[in-house]
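Encoded as structure tokens, the structure appears first; notes follow it.
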Amino acid sequence: MQGSAKSQLPFLALGAVVLAVLVFGVGTRIEGARRLPRQAREAAADARNIRAGVSSLPGAWAVPGPPRVGVQAGHWRIEELPDELYRLRRSTGARWGRYREVDANLDIARRVVEQLRKGGVAAELLPATVPPGYRADAFVAVHADGAARSDVRGWKAATAWRASDASRQLLDALSFTYVRFTDLPEDRYGTTYNMRGYYAFSPHRFHHALDPATPAVIIETGFVTVAEDREVLFGQPDSVALGISSGILRFLARRDRFDPAALQVRTYPAARVMTPNAVLSYHPREGDKVAARLAAGTLVRPVHREGEWVEVILWGNYRRFGWVRESDLELPGDSS
Ligand SMILES: [Zn+2]
Numbered sequence: 003m004q005g006s007a008k009s010q011l012p013f014l015a016l017g018a019v020v021l022a023v024l025v026f027g028v029g030t031r032i033e034g035a036r037r038l039p040r041q042a043r044e045a046a047a048d049a050r051n052i053r054a055g056v057s058s059l060p061g062a063w064a065v066p067g068p069p070r071v072g073v074q075a076g077h078w079r080i081e082e083l084p085d086e087l088y089r090l091r092r093s094t095g096a097r098w099g100r101y102r103e104v105d106a107n108l109d110i111a112r113r114v115v116e117q118l119r120k121g122g123v124a125a126e127l128l129p130a131t132v133p134p135g136y137r138a139d140a141f142v143a144v145h146a147d148g149a150a151r152s153d154v155r156g157w158k159a160a161t162a163w164r165a166s167d168a169s170r171q172l173l174d175a176l177s178f179t180y181v182r183f184t185d186l187p188e189d190r191y192g193t194t195y196n197m198r199g200y201y202a203f204s205p206h207r208f209h210h211a212l213d214p215a216t217p218a219v220i221i222e223t224g225f226v227t228v229a230e231d232r233e234v235l236f237g238q239p240d241s242v243a244l245g246i247s248s249g250i251l252r253f254l255a256r257r258d259r260f261d262p263a264a265l266q267v268r269t270y271p272a273a274r275v276m277t278p279n280a281v282l283s284y285h286p287r288e289g290d291k292v293a294a295r296l297a298a299g300t301l302v303r304p305v306h307r308e309g310e311w312v313e314v315i316l317w318g319n320y321r322r323f324g325w326v327r328e329s330d331l332e333l334p335g336d337s338s
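When we follow our numbering, the leftmost residue of the sequence shown carries the number 3, and every step to the right adds one.
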């Protein structure tokens, strides 16, 4: 994984520049474009579709005009957080020597905004403080991770606990493009409670938070404490930014502006584990890594369903979460 990431960096940098021209230099025909990877052509098509959508959807339920996107540089101007978030004012982010997370976040977020604007999106750069009830067609919080351990690598992205279908689509689109532009491995078991419970995702707790109908994702772009990741975060910021901006474009181009249901957040009643030693899995997949075994009778709070799996938070032990087989749960009534 690490070797291949290293050897492909120069290629990726070149690819990113070519793609930037292709995606954002709309209408320009580029020699050899047919030979570019499929996702480069798809990203170009996304940008074209967004432009077409902007002009052909007057009177849609959504606000007409170009899509609006907020890109937050994590920890940037953290000292300006309002009183309700005073506890986080000292949360200045990860660092390693002279490398500070906040610098990477800001540099990357600025590039994402610039790239989105070239793609016809009304993008704005946001500091740590989110405007109260912030509404947009998409919101992405840009962070980077830090760890005392050295056996960690890569990126991860997450939605809020209770997320709309649109937020999940944004997450899927971002995950699809980010890995392709950066070639960083995914930190598949690294998503934390703090990511899912990000303060900007918590309008029930804070005034300075997103409107629940704003599709939102937080991304940890890599580890500032790991050399191979730093090489990408600080050395290839344009590739990192393209990984994010093309994911947002991909989401915006594919969403259905006439489907307000996609923006609704579902809630589920509490449930109880029925099977002794039920598996709590990291991912909704048979045979994936087991996070814990749950005793029969354990009370859980479902937040999402996928196939035969239900994502849950443990009641009274909210730092434990994962996926339980639906057949291991007693779900009261209809929970749609
Ligand atoms: Zn951070």
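Beta carbons are placed, not taken as given, at the ideal position from N, Cα and C, and that holds for glycine.
Setting aside the 5 residues that flank it on each side, histidine 77 is surrounded in the same chain by Ser93, Thr94, Gly95, Glu103, Val104, Asn107, Ala130, each with a C-beta closer than 7 Å to its C-beta; the list follows chain order. In the DSSP annotation of this structure, the continuous segment of the alpha helix (DSSP H) that includes isoleucine 250 starts and ends at 239-256.
Exclusion of histidine 209 from the 6 Å shell around ligand 1 follows from its C-beta lying no nearer than that to any non-hydrogen atom of the ligand. Relative to ligand 1, histidine 145 has its C-beta within less than 6 Å of a heavy atom. Remark: the C-beta of glycine 67 is outside contact range of ligand 1, defined as less than 6 Å to any heavy atom. According to the DSSP assignment, alanine 124 belongs to the beta strand (DSSP E) that extends over 124-128. The C-beta distance from methionine 197 to alanine 149 rounds to 14 Å, too long to meet the 8 Å contact threshold. Here the distance from the Cβ of glycine 224 to the nearest heavy atom of ligand 1 is not below 6 Å. Counting other Cβ atoms within 10 Å of its Cβ, threonine 269 stays below 16 and is therefore classed as exposed. Exposed is the label assigned to valine 292, since fewer than 16 other Cβ atoms lie within 10 Å of its Cβ. DSSP places glutamate 81 outside any alpha helix (DSSP H), giving it a letter other than H or E.
Here serine 241 is buried. Its C-beta has 16 or more other C-beta atoms within 10 Å.
The beta carbons of leucine 172 and phenylalanine 236 sit no closer together than 7 Å. DSSP places leucine 296 in the strand class (E or B) of the three-state scheme. For glycine 95, the Cβ falls inside the 6 Å cut-off from some heavy atom of ligand 1. Of Ser283, Pro278, Asp290, Glu310, the smallest CA-CA separation from alanine 297 is found for Pro278.
Two segments are said to touch when three or more pairs of C-beta atoms, one from each, lie closer than 8 Å; by this definition the segment 153-169 touches the segment 222-229. Under the criterion of beta carbons closer than 8 Å, arginine 327 and valine 281 qualify as touching, at roughly 7 Å. For threonine 179, the uninterrupted alpha helix (DSSP H) run begins and ends at 167-184, by DSSP.
Around the beta-carbon of proline 84, fewer than 16 other beta-carbon atoms lie within 10 Å, marking it exposed. Relative to ligand 1, the beta carbon of glycine 76 is positioned inside 6 Å of a heavy atom. Cα atoms of serine 169 and arginine 151: separation of roughly 31 Å, rounded to the nearest angstrom. Around the C-beta of alanine 263, fewer than 16 other C-beta atoms lie within 10 Å, and the residue is accordingly described as exposed. Between alanine 124 and arginine 79, the beta carbon gap of about 21 Å keeps them out of contact (Cβ cut-off 8 Å). Exposed is the label assigned to glycine 289, since fewer than 16 other Cβ atoms lie within 10 Å of its Cβ.
At the C-beta level, threonine 179 and glycine 249 come within 7 Å of one another. Distance between valine 73 and glutamate 116, taken at the CA atoms: about 10 Å. In the structure shown, lysine 120 falls within a helical segment according to DSSP collapsed to helix, strand and coil.
Taken through DSSP and simplified to helix, strand or coil, serine 329 comes out as helix.
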